[in-house]
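Here the structure comes first, spelled out in structure tokens, and everything after it is commentary.
2 protein chains.
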Amino acid sequence: MPFEFVRGLIGGSNLMVTIHDVAKSSGFSITTVSIVLNDAPLARYIPLETKNRIKKIAKTLGYRPNVFARSLRSKRSNTVGVIVFDITDPYCTHILRGIELSLYQSSYISIFADAQNDRARFERYLEMLLDRRVEGLITLANSLLLDLDILAVLEKRNVPMVLIGRELKSLAMSAVIIDNAAGARAALEHLYTLGHRHIGFIRGPKMLADSRERWKGVRSFAHDAGLVLDPKMIVDLTDLYDPTSAFEGGYKLTQELLRRERPFTAIHAFDDMTAFGAIRALGKSKLKVPDDYSVIGFDDVAPAALYAPPLTTIRQPMETMGAMGVGILLDAITASRESRTFSPVQRKVAPELLVRESTKALAQP
Amino acid sequence: MPFEFVRGLIGGSNLMVTIHDVAKSSGFSITTVSIVLNDAPLARYIPLETKNRIKKIAKTLGYRPNVFARSLRSKRSNTVGVIVFDITDPYCTHILRGIELSLYQSSYISIFADAQNDRARFERYLEMLLDRRVEGLITLANSLLLDLDILAVLEKRNVPMVLIGRELKSLAMSAVIIDNAAGARAALEHLYTLGHRHIGFIRGPKMLADSRERWKGVRSFAHDAGLVLDPKMIVDLTDLYDPTSAFEGGYKLTQELLRRERPFTAIHAFDDMTAFGAIRALGKSKLKVPDDYSVIGFDDVAPAALYAPPLTTIRQPMETMGAMGVGILLDAITASRESRTFSPVQRKVAPELLVRESTKALAQP
DNA sequence: TCCCGAAGTTCGATTTAAATG
DNA sequence: GCATTTAAATCGAACTTCGGG
Numbered sequence: 007m008p009f010e011f012v013r014g015l016i017g018g019s020n021l022m023v024t025i026h027d028v029a030k031s032s033g034f035s036i037t038t039v040s041i042v043l044n045d046a047p048l049a050r051y052i053p054l055e056t057k058n059r060i061k062k063i064a065k066t067l068g069y070r071p072n073v074f075a076r077s078l079r080s081k082r083s084n085t086v087g088v089i090v091f092d093i094t095d096p097y098c099t100h101i102l103r104g105i106e107l108s109l110y111q112s113s114y115i116s117i118f119a120d121a122q123n124d125r126a127r128f129e130r131y132l133e134m135l136l137d138r139r140v141e142g143l144i145t146l147a148n149s150l151l152l153d154l155d156i157l158a159v160l161e162k163r164n165v166p167m168v169l170i171g172r173e174l175k176s177l178a179m180s181a182v183i184i185d186n187a188a189g190a191r192a193a194l195e196h197l198y199t200l201g202h203r204h205i206g207f208i209r210g211p212k213m214l215a216d217s218r219e220r221w222k223g224v225r226s227f228a229h230d231a232g233l234v235l236d237p238k239m240i241v242d243l244t245d246l247y248d249p250t251s252a253f254e255g256g257y258k259l260t261q262e263l264l265r266r267e268r269p270f271t272a273i274h275a276f277d278d279m280t281a282f283g284a285i286r287a288l289g290k291s292k293l294k295v296p297d298d299y300s301v302i303g304f305d306d307v308a309p310a311a312l313y314a315p316p317l318t319t320i321r322q323p324m325e326t327m328g329a330m331g332v333g334i335l336l337d338a339i340t341a342s343r344e345s346r347t348f349s350p351v352q353r354k355v356a357p358e359l360l361v362r363e364s365t366k367a368l369a370q371p
Numbered sequence: 007m008p009f010e011f012v013r014g015l016i017g018g019s020n021l022m023v024t025i026h027d028v029a030k031s032s033g034f035s036i037t038t039v040s041i042v043l044n045d046a047p048l049a050r051y052i053p054l055e056t057k058n059r060i061k062k063i064a065k066t067l068g069y070r071p072n073v074f075a076r077s078l079r080s081k082r083s084n085t086v087g088v089i090v091f092d093i094t095d096p097y098c099t100h101i102l103r104g105i106e107l108s109l110y111q112s113s114y115i116s117i118f119a120d121a122q123n124d125r126a127r128f129e130r131y132l133e134m135l136l137d138r139r140v141e142g143l144i145t146l147a148n149s150l151l152l153d154l155d156i157l158a159v160l161e162k163r164n165v166p167m168v169l170i171g172r173e174l175k176s177l178a179m180s181a182v183i184i185d186n187a188a189g190a191r192a193a194l195e196h197l198y199t200l201g202h203r204h205i206g207f208i209r210g211p212k213m214l215a216d217s218r219e220r221w222k223g224v225r226s227f228a229h230d231a232g233l234v235l236d237p238k239m240i241v242d243l244t245d246l247y248d249p250t251s252a253f254e255g256g257y258k259l260t261q262e263l264l265r266r267e268r269p270f271t272a273i274h275a276f277d278d279m280t281a282f283g284a285i286r287a288l289g290k291s292k293l294k295v296p297d298d299y300s301v302i303g304f305d306d307v308a309p310a311a312l313y314a315p316p317l318t319t320i321r322q323p324m325e326t327m328g329a330m331g332v333g334i335l336l337d338a339i340t341a342s343r344e345s346r347t348f349s350p351v352q353r354k355v356a357p358e359l360l361v362r363e364s365t366k367a368l369a370q371p
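Order-wise, the sequence lines are chains A and G. Note that our numbering has the first sequence beginning at 7, numbered continuously upward. Note that our numbering has the second sequence beginning at 7, numbered continuously upward.
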């Protein structure tokens with residue numbers, strides 16, 4: 007059956023113009039059209055006039071290459087996968103924004119998946135992304151989701167990957183993380199400079215590497231400044247971690263600290279959500295922030311600036327971190343395509359103290 | 007060149023197993039394997055034993071169909087597109103969550119794009135999704151992004167679409183929206199029931215249909231209850247709308263209301279972000295919420311529950327709305343595939359009053 | 001005619017190898 | 001050999017058609 011006839015029959019909804027149409031319209035072969043439109047190596051032998059003719063016709067016809075055909079043949083998807091552990095977590099969205107921003111300039115597009123803190127979902131989405139032949143993967147994962155089995159799959163399939171927000175010391179793998187120790191240190195230094203000497207500490211869940219690093223920072227400053235840490239004023243969030251639980255944890259642990267009846271004037275919270283909980287608990291007891299207590303958080307999630315009072319915190323430059331992740335991934339993909347080896351890059355980003363209104367100099371006694 | 011040889015040469019990274027491999031391993035033809043694995047109509051003639059053999063071998067070989075080949079041939083992508091106007095807006099993320107949740111059960115996967123409130127981005131992403139042959143589109147858009155030109159493209163390409171969060175009265179199009187009038191009415195009724203008679207109103211940007219609808223609700227309740235609305239106590243957010251500007255708008259407009267020196271005891275804010283701004287402004291003037299002023303918002307974004315004080319607000323059931331959108335879209339896609347006509351469905355969702363701690367009964371004078 | 005299976009065509013592009021003047 | 005162009009093979013699966021018991 008002649009081609010034109012069939013095409014005519016289809017009509018209506020399926021009127022996609024193919025490379026075939028461009029070839030016929032321009033009078034050149036499919037091959038030539040393909041070479042010109044992709045600016046392939048052979049294109050340098052083709053006269054400018056021919057190129058322009060073809061390009062113009064492609065444009066007027068509204069030709070758009072079929073991505074499926076292209077990827078099938080070329081074995082390239084021009085796609086990277088992005089998995090986050092919880093899209094409703096404001097921490098995720100700003101990193102996502104950074105990723106999107108810097109991917110936008112590249113020729114890659116992203117396919118996004120939200121694991122919803124659920125391991126089964128994570129695995130299913132990973133499989134889905136692999137089915138879609140992503141050329142690389144960015145993962146924003148917490149420890150619940152990530153383990154060696156999963157990473158082994160990627161290794162075997164030779165898919166470059168970078169982790170944002172956590173590191174895996176057990177494995178050589180590209181990662182972008184915040185300098186937790188420096189951040190927690192800066193937070194404590196800020197409180198100390200304001201005159202606070204009796205400080206309550208709400209540490210993160212033991213399970214998280216972040217918690218350990220941040221505590222290191224606290225101890226290092228305490229040591230340097232000769233500040234003694236009262237073990238009775240140190241409490242820990244539980245290991246069941248999600249954004250809401252951090253708020254509730256902050257709330258309950260602050261009540262706990264209050265109950266211990268040791269005088270203190272400031273709280274060093276694991277993160278912003280914890281700090282919000284702490285402020286709530288203080289407010290509940292008619293204690294005012296920052297007049298009675300100073301509170302400092304970590305992260306600078308979106309609500310921090312809008313809170314009452316606006317929260318002093320340690321800012322993670324999330325957009326930057328996302329952008330860095332993309333940079334590393336793109337390098338890794340390029341290396342992989344040129345069959346070069348690529349040594350994992352670990353980048354540790356400096357956080358920034360953001361003084362707002364939840365901390366205040368201690369009144370001189 | 008014999009097939010096995012080539013395949014052997016490739017080795018290493020590219021060892022994907024194809025339907026060809028399954029056919030060879032099982033001793034059946036490619037056709038039979040395809041029929042069995044897809045449970046195609048013809049499969050009913052194939053003996054169970056054959057089916058099981060083929061399935062088992064596919065499994066042990068770890069066969070995964072190549073999505074590009076499949077989509078190329080079948081002309082189906084099993085994909086729907088989702089465009090949101092701003093992923094850092096908490097309103098978006100919870101609707102996204104609802105979408106994801108109910109898409110997860112279906113055979114569709116989603117490709118997500120964040121327009122970042124930028125029109126050019128919106129158009130580029132739309133084009134990208136169309137290139138990927140999405141079978142349907144869910145859009146979470148504000149009025150900046152959406153106009154008739156864009157929708158005409160979808161119409162022409164015959165791609166079903168549903169809008170979440172806004173309606174386009176000019177066009178017959180499926181949409182899921184909140185009942186703004188009922189919500190605003192309920193908010194005012196709540197304040198009224200608590201005894202408030204002198205209330206400041208911060209209305210939304212005039213440009214937004216939401217603003218108009220909510221104001222209708224306010225007026226309808228005021229009329230029914232015989233409450234007089236003082237024009238001097240009504241102020242409007244500017245048309246340049248983004249989440250932060252709503253906060254700042256709420257802040258500044260509350261100061262403005264205070265400056266007018268008419269006694270009032272409550273603020274009816276356009277949305278939660280505006281309410282947060284209002285609470286901040288009151289705090290700045292040493293006025294306390296809810297003791298001196300009651301404040302009510304709209305939306306129930308994530309920070310609302312954690313705010314100090316927790317915000318009384320009108321909750322939009324965002325996950326439900328996302329799920330509804332998916333339901334409608336899937337119906338539309340099915341109809342489109344069976345060449346049935348599908349009349350646009352408009353669903354208006356009832357909001358819910360959430361009483362927390364930012365509102366309080368007026369003390370008897 | 002019913003059942004079972006296979007050969008061959010097709011989707012829309014990229015790429016290799018080769019033909020033309 | 002050089003510049004210019006193209007026929008034909010290929011990617012991996014789905015589908016149409018056909019043949020034999």
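For each residue, glycine too, the CB sits at the ideal point set by N, CA and C. None of the values given here were measured: they were computed from a predicted structure.
Residues that DSSP places opposite residue i in a beta bridge
i: T318/G; result: I302/G
i: A5/A; result: Beyond the ends of chain A as shown, which are 7 and 371, falls residue 5/A; an answer cannot be given.
i: G328/G; result: Answer by DSSP bridge pairing: none, since G328/G is not bridged.
i: I240/A; result: F207/A
Chain G within 8 Å of residue i, Cβ atoms only
i: Y114/A; result: no
i: N84/A; result: no
i: R265/A; result: no
i: R103/A; result: yes
i: L359/A; result: no
i: M179/A; result: no
i: H100/A; result: yes
DSSP state of residue i mapped onto helix, strand, coil
i: S143/A; result: Here residue 143/A turns out to be Leu, not Ser, going by the sequence shown. L143/A: strand per DSSP, three-state reduction.
i: G87/G; result: strand
i: S345/A; result: coil
i: H26/A; result: helix
i: E358/G; result: strand
i: A215/A; result: helix
i: L169/G; result: strand
i: G289/A; result: helix
i: V182/G; result: strand
i: G206/G; result: strand
i: Q111/A; result: coil
i: R265/G; result: helix
i: I2/A; result: Since the first and last residues shown for chain A are 7 and 371, residue 2/A lies out of range.
i: A275/G; result: strand
i: R125/G; result: helix
Test: residue i CB closer than 8 Å to a CB of chain A
i: V355/G; result: no
i: F282/G; result: yes
i: G14/G; result: Only weak support is given to the placement of G14/G: the predicted model assigns it a pLDDT of 33, under 50, and the question is left unresolved by the model.
i: V39/G; result: no
i: F11/G; result: Unreliable positioning characterises F11/G in this predicted model, as indicated by a pLDDT of 33, which lies under 50. The coordinate reading is nonetheless provided below. F11/G does not count as touching chain A.
i: A338/G; result: no
i: A75/G; result: yes
i: A308/G; result: yes
i: E141/G; result: no
i: E106/G; result: yes
i: D137/G; result: yes
i: L243/G; result: no
i: N123/G; result: no
Is the segment 120-128 of chain G in contact with the segment 85-98 of chain G, if contact means three or more CB pairs nearer than 8 Å?
With a cut-off of 8 Å, the segment 85-98 of chain G and the segment 120-128 of chain G count as touching, because enough Cβ pairs lie within range.
Three or more C-beta pairs below 8 Å linking the segment 72-87 of chain A and the segment 53-63 of chain A
Contact fails: fewer than three Cβ-Cβ distances are below 8 Å.
If we count Cβ pairs, one from each stretch, closer than 8 Å, do we get three or more for the segment 206-226 of chain A versus the segment 178-195 of chain A?
The answer is yes - the segment 178-195 of chain A touches the segment 206-226 of chain A, with three or more Cβ pairs under 8 Å.
The segment 313-331 of chain A touching the segment 176-186 of chain A, judged by at least three CB pairs closer than 8 Å:
Contact between the segment 313-331 of chain A and the segment 176-186 of chain A is present, because at least three Cβ pairs lie under 8 Å.
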